Each structure stands twice: as structure tokens, then as C-alpha cells.
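A.B. asks:
Numbering (the numbering used here), first residue to last: 138 to 899.
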């Protein structure tokens with residue numbers, strides 16, 4: 138373009154000169170002067186225009202570059218949803234993904250390309266955009282959370298959680314932060330606020346909580362308690378005549394189980410009968426640190442060998458497929474009589490328990506599923522080096538009893554909870570451990586209000602129960618007799634959301650719980666008395682024939698998952714199972730299903746597995762358990778081949794059973810969501826993410842509730858030892874084996890989230 142200007146400018150000069158001749162007809166010299174002067178002016182003007190055009194071209198080039206970048210960066214997925222382009226399956230950098238049998242060796246790419254729009258006309262095509270303020274708030278939050286530059290078909294966890302991780306940095310000293318942790322923290326604050334404000338009839342409960350949070354001069358501190366037992370100061374000095382059983386008895390009277398775990402269980406076939414279940418204690422669980430930066434040098438050097446020994450013993454129960462997760466009081470054929478196998482140890486255990494709780498358990502059956510651990514205990518291998526054992530026991534006891542300790546022992550509590558917590562929260566957790574039922578009753582109205590009232594969440598739970606029954610009836614893998622027995626057993630389960638029914642009805646249990654707090658408040662050592670009375674109450678009364686006196690919850694209130702244990706009569710549904718931080722507006726009610734469904738069905742399928750296991754013990758023809766084991770092995774092999782860029786480690790075997798329950802929980806949750814949509818007048822989408830169809834929104838909400846941040850050391854330990862997998866596996870694992878997900882996002886075959894071969898229950 139610039140080459141045309143030199144010819145154009147002289148022409149304009151000639152035209153100007155010709156016009157002058159016609160106008161005035163001057164002499165030649167004047168014409169020459171005019172022509173020269175005009176030519177000089179036009180040359181100056183030409184130079185100026187050239188400079189202007191150069192600026193224009195430079196600005197245009199910059200503009201084109203900016204537009205190109207914007208085109209590349211615009212989140213086109215907001216305007217079109219689909220899979221990767223046709224042809225060879227590649228990552229975002231154009232590299233082909235491995236084409237193995239299950240797409241297992243593929244590393245989920247980190248970046249995506251724009252993808253196509255996909256509509257499901259049957260379910261999603263007629264949906265409208267929700268216009269409530271609650272929907273606008275949630276839509277805006279999702280718009281800011283979703284990583285639009287991550288292809289969901291390549292790594293759905295990163296698509297949903299990557300920006301959440303960026304926004305939630307780990308606090309100092311913390312090892313993990315998750316969506317569930319956030320809900321638990323907020324629930325603890327809610328409980329503390331309800332207790333501190335007080336209610337008539339709960340004065341003693343408030344007094345105990347305040348004495349824990351703000352100890353008075355003269356109150357017994359846990360350092361004093363440990364000192365009386367000979368477990369303080371550190372390092373512990375072993376005195377002559379010290380008997381391990383005496384220390385164990387004193388700790389057990391306070392609810393600490395240092396040498397063996399003990400619980401009173403109901404007989405599966407005869408729920409009116411009970412027995413004592415003995416197992417491996419959680420107190421002796423391997424290495425001290427959970428990835429924190431705190432160094433316990435005074436214990437590391439002296440106890441490294443002993444801790445390694447404890448770790449090795451701890452692995453014996455996990456020798457096959459994480460039996461520590463599967464085993465339980467519900468598996469009848471796994472239980473053996475302790476007196477038959479270990480008669481001397483059985484007498485020793487009965488003596489310790491009788492001295493701790495003042496109750497004669499000589500005629501109560503004593504059973505176990507931890508044969509290897511009890512064999513080690515009977516041989517005395519754990520306490521052979523008494524000094525090292527007491528050192529380790531002192532440390533773990535301090536961690537368990539740290540609610541009323543000095544700051545350094547408060548830091549030790551972070552080991553148990555993966556992050557530092559305040560004294561107020563420690564006190565809530567102490568009360569949750571010893572007697573949570575009365576606190577749940579005290580706070581049930583405040584909790585129900587957070588969810589929009591009891592009618593709201595009860596309707597959702599009714600929907601889940603209906604879907605589960607329909608799913609079991611449609612299960613082709615079940616023979617008719619077992620299916621009928623299973624459906625009948627599941628129908629007999631009482632669903633108890635937020636608070637135990639027995640406490641809410643103000644029966645004898647309610648009055649007896651109040652008496653624990655009243656009696657403890659009259660004691661000089663108020664906190665210690667409260668813990669001892671609560672522990673004795675659990676073992677004395679629940680071991681009697683009149684088991685209805687103890688009908689509260691045994692799993693506590695601080696859990697984000699439901700609990701269902703033998704004899705499978707009560708489904709405990711704590712408040713944090715629900716997303717109570719979300720607006721309770723009815724327009725968002727459906728979004729609770731992806732949250733509560735997996736956390737309710739997880740416990741139910743745990744019970745179903747144990748019921749099926751017991752049925753197989755009576756009927757060898759039953760194959761359902763074998764099929765569940767085959768599915769669990771398939772998932773285990775698949776997860777073991779997945780490579781996650783956050784860690785070089787592969788996932789261990791301890792989470793096999795949890796992975797199975799995660800997978801089994803997904804389908805009924807999805808069905809419940811679809812059934813809710815069928816009942817609704819319209820399937821509404823959310824503002825700002827309008828092109829997320831309702832089905833896609835389900836999967837986004839499903840994944841969002843598993844978002845978490847781990848430090849590297851803690852993550853490695855979870856992968857090696859954790860009975861539940863990290864969130865990345867719990868999202869991508871079930872979804873990549875669930876065809877409706879691939880259909881919803883139109884994932885190409887053999888992409889990471891749509892492998893050619895899936896694990897199925899068949």
C-alpha cells in the first residue's frame with residue numbers, strides 16, 4: 138500500500154497547478170513558483186501521511202494479536218459442549234493418548250481445546266434458566282470455579298476443582314483442606330454457638346463445654362491426668378511395679394483404648410442379644426506425623442524402631458484386599474470366639490474391662506475378627522520393651538486427651554485432624570467423641586432451619602430410599618430369594634437425619650443423658666468426670682439385655698458420611714452430610730442430591746455388602762458377593778494404572794473397598810436426580826453457566842463435593858495407607874466407568890474419561 142503514495146501525490150500537485158492556470162493565467166515564473174511551493178507542501182504532507190499509516194499498521198497488528206489471543210482464551214465451552222475432535226485421541230498438546238485396553242495408562246492432560254455443543258432433547262432440551270437470586274448466586278460461584286480451559290473429557294476433577302484448589306491455600310501447619318472439612322468446621326462453630334447461647338434444660342451441657350474451653354484455676358488438666366497414670370512428663374520414667382494392665386484400665390475408663398479396641402455389638406441374627414467385639418486399636422497406628430512440619434525429635438530418635446514395628450503389625454490386617462475396611466461386626470463368618478482361640482488373653486481382657494467399668498462381662502460372648510493382632514498381643518510382642526511402649530503410649534494418649542492441654546500438646550492434636558484447630562473446636566470434638574446425642578438434640582432446630590425445614594430434607598431422603606428399592610429390584614445379578622431378603626432387610630432400616638429418634642422423643646435415653654451432665658457438673662474434676670461417666674454409660678447399659686435404653690447414635694455427629702452398622706437397623710445421617718452452606722431456596726433443592734446421594738448410598742451399600750456376605754455364608758449358590766469382589770478388583774487394577782500429575786505414587790490397596798462403594802453409590806444417585814427432574818415442572822439451568830445441561834450440572838455438583846487440597850507428604854501417605862482415595866480418584870474413577878457421564882459430555886471413545894472398557898457389576 139505504501140508504494141502507491143509517491144505516484145498519487147504528484148498527480149494531486151498537477152491537478153492543483155492546472156486549476157491555478159485556469160483560474161488566473163499567471164506568467165510562467167509564477168506558475169513555476171506555485172508548482173515548486175505546492176510540490177514542497179505535498180512532499181511534507183506525504184511524509185506525514187506515511188508516518189500516520191505506519192502507526193495505523195502497527196496498531197492494527199497489535200489489535201489483530203489481541204483479538205487472536207482473546208479468541209484462543211474465550212471459554213467456548215460456555216457456548217458449546219462436547220468431546221474432543223474426531224480422529225486420533227490426543228491430549229491438548231496434540232500428543233496421542235495411549236491406546237491400551239482401558240485407557241488406563243493415559244495421563245490426564247492439563248489443557249483442552251474448544252469442544253462442541255451436545256443436547257439431550259429428552260431431558261435437557263426443554264430446560265429453562267433459573268431466575269431466582271439463589272440460582273444466580275450459585276451460577277456465579279460455579280462460573281468462577283470451573284476451569285474452562287480444562288477439557289472435562291480429559292480430567293473432570295481438574296475441570297471442576299482446579300480453581301477451587303487455587304483459591305483454598307493450605308493454612309500454616311495444615312496437611313489437607315477439603316469441601317467436607319469446610320462443612321465440618323462450620324458445623325462445629327454452629328454447635329459451639331448454640332451451646333454458648335444455651336437453652337433451658339441444657340445448663341449442665343453448657344457448663345461442661347465452657348469449662349473445657351475456658352478452664353478455671355484448679356481444674357484438672359490432662360497433664361495432671363497423664364501424670365497420675367505415670368505417662369508424664371516426657372520422656373516417661375518406668376517405675377518399679379508398673380503394670381501395663383493398670384495403665385490400660387485407667388485409660389479405658391476415660392474412653393481411650395490403648396491396647397485393644399472394645400465395643401458392644403448386637404447380634405445380627407438376634408438383635409436383642411449383644412457381645413463384646415475386640416479388635417486392633419486405632420491408638421497404635423504407625424508413624425506419628427501426617428505430613429506436618431512439626432518435628433517430635435524427642436520421640437523420633439527413641440521410638441523409630443518401635444514405631445516401625447507397630448506399622449508392620451498394622452499391615453497384617455490389610456494383607457489381602459483391605460480387610461480393615463471390609464471387616465466388621467456384620468460379617469458373621471469372619472467372627473471367632475476369643476475364649477476358644479486365646480483363652481488366657483480372653484481372661485485378661487475381661488479383667489481389664491471389669492476393673493475399668495465395674496461391670497461383670499464374664500458371661501458376655503467375646504468375639505474378634507483381628508486374629509493376627511490378638512496373636513501378637515497374647516505373645517506379648519507389643520509390650521516386650523516396656524519403656525518404648527509407654528513412651529509411645531504417652532504420646533498417643535496426649536494426642537487423644539489434648540483438649541485441655543498446653544499449646545504444644547494442642548499442636549499435637551493437629552496430627553490427628555490433619556490441620557491445626559482451635560480450643561473451641563477441640564472441645565466440640567471431645568463432646569462428639571464421648572456423648573454427642575444430647576448436643577444434636579439441642580441444636581436440631583437450628584440445623585433444620587439451615588436446610589429449609591424438616592419437610593425439605595425428608596422429601597429428598599424419601600426419594601433416595603425409593604430409588605434404592607427400585608435399584609435392588611432391577612438388579613439382574615441377584616437371585617430372587619436373596620433379592621427378596623435383601624429388599625426386606627433394607628426396608629427395615631430406620632433413616633434418622635440430623636438427630637437420633639430416641640433422643641428426639643424425650644424417652645428414658647434423653648433423661649439418662651441429661652443425668653450424665655448434671656452429675657459431672659457436681660464433680661470437682663468436671664471434664665474427667667464427664668468423660669468417665671459417658672464411657673461407663675456406653676458399656677454398662679448397652680451390654681444389658683434391655684438394649685432399647687441405648688438407642689442413640691454410635692458414629693457421632695461430626696461426619697460427612699452416613700453410618701450403617703450391624704444389625705443394620707439404624708441409618709445415622711449427620712447434619713454435615715447435607716450442604717447446609719447453600720441457600721435452602723427450593724430452586725436449588727435438586728442440587729442437594731449429588732451431595733447427599735453418594736454419602737447416604739455409601740453406607741447403605743456397605744450394609745448391603747455385609748448382608749450379602751452373610752447370605753452367601755448360608756447359601757453357597759449366591760454369587761452377588763463374588764461379583765462385587767470382581768468389580769472391586771477391576772476398579773483396583775484400573776486405579777492402580779492411573780497416573781496423576783499431583784503425585785508420582787500409585788494408589789495403594791487399602792482404598793479398594795471404598796472405591797467399590799463410591800462406584801456403587803453413583804448410579805442410584807444419578808437415578809434419583811433424574812427422577813426428581815421428572816417430578817419438577819421444568820429442568821432449570823443456572824445463570825452464567827446456561828449451557829451446562831441439567832445432566833452435566835449433576836456431574837459438576839457430584840465432583841465439586843470432592844474438591845480438596847493436600848500437601849505432598851500427606852497426599853503420599855493417603856495414597857499409601859488411606860482407606861479412602863484422594864478426591865481426584867473418587868471423582869474420575871467412578872465417572873470414567875459410568876456411561877451416562879460420557880454421553881452427557883460427548884466424550885470421544887478412548888478419551889481419558891471414556892475408556893474403551895469399563896468396570897461393571899456383572
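Virtual Cβ for every residue (Gly too), placed ideally from N, Cα, C.
All of these numbers come straight from a predicted model, not from anything done at the bench.
1. Quick one: what's got a C-beta closer than 8 Å to residue 524's C-beta in the same chain, skipping five residues either side?
2. Mind checking which residues open and close the beta strand (DSSP E) that includes residue 631?
3. Exposed or buried, residue 700, counting other C-beta atoms within 10 Å across all chains shown (16 or more means buried)?
4. I'd like the span of the beta strand (DSSP E) that includes residue 398, first residue to last.
5. So is residue 796 buried or exposed if we call it buried at 16+ other beta carbons inside 10 Å?
6. Using the C-alpha atoms, what's the distance from residue 697 back to residue 79?
7. Could you give the residue range of the beta strand (DSSP E) that holds residue 274?
8. Out of curiosity, what's the CA-to-CA distance linking residue 872 and residue 878?
9. Can residue 276 and residue 831 be called in contact, C-beta distance under 7 Å?
10. With residue 626 and residue 748 assumed to form a contact (beta carbons below 8 Å), what rounded beta-carbon distance in angstroms separates them?
11. By DSSP's criteria, residue 412 is part of a beta bridge. Which residues make up the other side?
12. Can at least three beta-carbon pairs, one atom from the stretch 474–486 and one from the stretch 502–510, be found at a separation below 8 Å?
13. Below 8 Å, can you find three or more Cβ-Cβ pairs linking the stretch 581–598 to the stretch 712–726?
14. From the DSSP output, in three-state form, read off residue 846 for me.
15. Considering only the alpha carbon of each residue, which of 605, 342 and 511 lies closest to residue 657?
16. Hey, how far is the Cα of residue 722 from the Cα of residue 608?
17. If we ignore side chains and look at the alpha-carbon of each, how far apart do residue 887 and residue 837 end up?
18. Below 6 Å CB to CB, which residues in the same chain sit around residue 620 once its five sequence neighbours on both sides are set aside?
19. In this structure, does DSSP put residue 699 in helix, strand or coil?
20. Are residue 575 and residue 650 closer than 7 Å when you measure CB to CB?
21. If you follow the beta strand (DSSP E) that residue 354 is part of, which residue opens it and which one closes it?
22. If we call anything under 7 Å between Cβ atoms a contact, is residue 331 one with residue 580?
23. Compare the beta carbon distance of residue 704 and residue 403 with 7 Å and say whether it is the shorter of the two.
24. Please classify residue 970 as buried or exposed, where buried requires at least 16 other C-beta atoms within 10 Å of its C-beta.
25. Going by DSSP in three states, residue 474 sits in which element: helix, strand or coil?
26. Is residue 792 helix, strand or coil by DSSP?
27. Who are the near neighbours of residue 329 in its chain, counting only those whose CB is closer than 7 Å to its CB and skipping five residues on each side?
28. Below 8 Å on the Cβ atoms is my guess for residue 859 versus residue 776; work out the distance and round it to an integer in Å.
29. Under a three-way DSSP split, which group does residue 343 fall into?
30. Where residue 782 and residue 791 are concerned, what is the direct C-alpha to C-alpha distance, given to the nearest angstrom?
31. For residue 395, is the classification buried or exposed, using 16 other Cβ atoms within 10 angstroms of its Cβ as the cut-off for buried?
32. If you run the structure through DSSP and keep just helix, strand and coil, what is residue 925?
33. Any idea what DSSP makes of residue 710, helix, strand or coil?
34. What is the C-beta distance between residue 745 and residue 810, in whole angstroms, given that I count them as a contact (C-beta under 8 Å)?
35. What's the gap between the Cα of residue 271 and the Cα of residue 325?
36. Exposed or buried, residue 789, counting other C-beta atoms within 10 Å across all chains shown (16 or more means buried)?
C.D. replies: So, from the data block:
1. Within the chain shown, numbered from 1, the residue matching residue 524 stands at position 387. Here the set comprises 373 and 375.
2. Counted from its first residue, the chain shown places residue 631 at position 494. 631–634 is the span of the beta strand (DSSP E), which, as asked, contains residue 631.
3. Within the chain shown, numbered from 1, the residue matching residue 700 stands at position 563. Result: buried.
4. Looking up residue 398 in the chain shown gives position 261. 398–403 is the extent of the beta strand (DSSP E) around residue 398.
5. Mapped onto the chain shown, residue 796 falls at position 659. It counts as buried.
6. Any answer about residue 79 is impossible in this case: the structure gives the chain only from 138 up to 899.
7. For the purposes of this step, residue 274 is taken as the residue at position 137 of the chain shown. Residue 274 -> not in any beta strand (DSSP E); alpha helix (DSSP H) instead, spanning 270–282.
8. Locating residue 872 in the chain shown gives position 735, where the first residue counts as 1. Locating residue 878 in the chain shown gives position 741, where the first residue counts as 1. Near 6 Å, if we compare the C-alpha coordinates of residue 878 and residue 872.
9. Taking the first residue of the chain shown as position 1, residue 276 is located at position 139. Taking the first residue of the chain shown as position 1, residue 831 is located at position 694. The answer is no: Cβ separation not under 7 Å.
10. Mapped onto the chain shown, residue 626 falls at position 489. Mapped onto the chain shown, residue 748 falls at position 611. About 6 Å; that satisfies the 8 Å criterion.
11. Taking the chain shown and counting its residues from 1, the one referred to as residue 412 is at position 275. Answer is 402.
12. yes
13. yes
14. As a first step, residue 846 is located in the chain shown; it is residue number 709 there, counting from the start. Note: residue 846 maps to strand in three-state DSSP.
15. Stepping through the chain shown from its first residue, residue 657 is reached at position 520. Per the Cα distances, 342.
16. Taking the chain shown and counting its residues from 1, the one referred to as residue 722 is at position 585. Taking the chain shown and counting its residues from 1, the one referred to as residue 608 is at position 471. Using only the alpha carbons, I get a separation of about 29 Å.
17. As a first step, residue 887 is located in the chain shown; it is residue number 750 there, counting from the start. As a first step, residue 837 is located in the chain shown; it is residue number 700 there, counting from the start. The alpha-carbon atoms of residue 887 and residue 837 are separated by roughly 21 Å.
18. Counting from one through the chain shown, the residue named residue 620 turns up at place 483. None.
19. Taking the first residue of the chain shown as 1, we reach residue 699 at position 562. In this structure, residue 699 counts as coil in the three-state DSSP scheme.
20. Here the question's residue 575 lines up with position 438 in the chain shown. Here the question's residue 650 lines up with position 513 in the chain shown. Contact flag set, yes.
21. For the purposes of this step, residue 354 is taken as residue 217 along the chain shown, with counting starting at 1. Taken as a continuous stretch (DSSP letters only), residue 354 belongs to no beta strand (DSSP E), as it is neither H nor E.
22. The count along the chain shown starts at 1 and reaches residue 331 at position 194. The count along the chain shown starts at 1 and reaches residue 580 at position 443. Taking 7 Å as the Cβ cut-off, residue 331 and residue 580 qualify as a contacting pair.
23. The residue given as residue 704 occupies position 567 in the chain shown. The residue given as residue 403 occupies position 266 in the chain shown. Taking 7 Å as the Cβ cut-off, residue 704 and residue 403 qualify as a contacting pair.
24. Because the chain in this structure spans residues 138 to 899, residue 970 falls outside the shown range and cannot be described.
25. Numbered from its first residue, the chain shown carries residue 474 at position 337. Looking at residue 474 - three-state DSSP - the assignment turns out to be strand.
26. As a first step, residue 792 must be located in the chain shown, where it is residue number 655. Three-state DSSP puts residue 792 in a helix.
27. Numbered from its first residue, the chain shown carries residue 329 at position 192. Excluding positions up to five away in sequence, the list reads 561 and 565.
28. Here residue 859 corresponds to residue number 722 of the chain shown, with the count starting at 1. Here residue 776 corresponds to residue number 639 of the chain shown, with the count starting at 1. Between residue 776 and residue 859 the Cβ distance is about 12 Å, and since that is not below 8 Å, they are no contact.
29. Here residue 343 corresponds to residue number 206 of the chain shown, with the count starting at 1. DSSP places residue 343 in helix when its eight states are reduced to three.
30. On the chain shown, position 645 is the one that residue 782 refers to. On the chain shown, position 654 is the one that residue 791 refers to. Each residue's alpha carbon lies about 21 Å from the other.
31. Here residue 395 is taken as the residue at index 258 of the chain shown, counted from 1. Residue 395 is buried by the Cβ-count criterion.
32. Residue 925 lies beyond the residue range present for the chain, which begins at 138 and ends at 899; the question has no answer from this structure.
33. Here residue 710 corresponds to residue number 573 of the chain shown, with the count starting at 1. Residue 710 falls in the strand class under three-state DSSP.
34. Walking along the chain shown from the start, residue 745 turns up at place 608. Walking along the chain shown from the start, residue 810 turns up at place 673. That pair is no contact at about 21 Å.
35. As a position in the chain shown, residue 271 is number 134, starting the count at 1. As a position in the chain shown, residue 325 is number 188, starting the count at 1. Cα-Cα distance, rounded: 25 Å.
36. Residue numbering aside, residue 789 sits at position 652 when the chain shown is read from its first letter. By the neighbour-count rule (16 or more Cβ atoms within 10 Å), residue 789 is buried.
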